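K.L.:
Numbering (our numbering), first residue to last: -1 to 65.
(1) Just the Cα atoms here: how many angstroms apart are residue 26 and residue 7?
(2) Can you tell me whether residue 5 is helix, strand or coil according to DSSP?
(3) Ends of the alpha helix (DSSP H) at residue 47?
(4) Would residue 15 pass as a contact of residue 30 if the rule is Cβ separation under 8 angstroms?
Right, here's the structure in full:
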């Protein structure tokens, strides 16, 4: 089990997930991360990422950066 922190719309959460390795190909992955649409080594949920993009498009860079 490996832990991960993630910033969501409701705050930061920390959870544990299993690391899987395909014995035939050697490919490794976190199935939970894939199912939730999480990118490797990113600390923000897809919803928070979307909020940031909306702020960047609708406001000036300085104002969006203050959130």
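The beta carbon of each residue, even a glycine, is placed where N, CA and C say it ideally should be. These figures come from a predicted structure and were not determined experimentally.
P.N.:
The answer reads as follows:
(1) Here residue 26 refers to the residue found at position 28 of the chain shown. Here residue 7 refers to the residue found at position 9 of the chain shown. Distance between the alpha carbons of residue 26 and residue 7: 29 angstroms.
(2) The count along the chain shown starts at 1 and reaches residue 5 at position 7. Strand at residue 5.
(3) Here residue 47 refers to the residue found at position 49 when the chain shown is read from its first residue. Residues 44 to 56.
(4) Locating residue 15 in the chain shown gives position 17, where the first residue counts as 1. Locating residue 30 in the chain shown gives position 32, where the first residue counts as 1. Yes, the pair counts as a contact, with Cβ atoms nearer than the cut-off.
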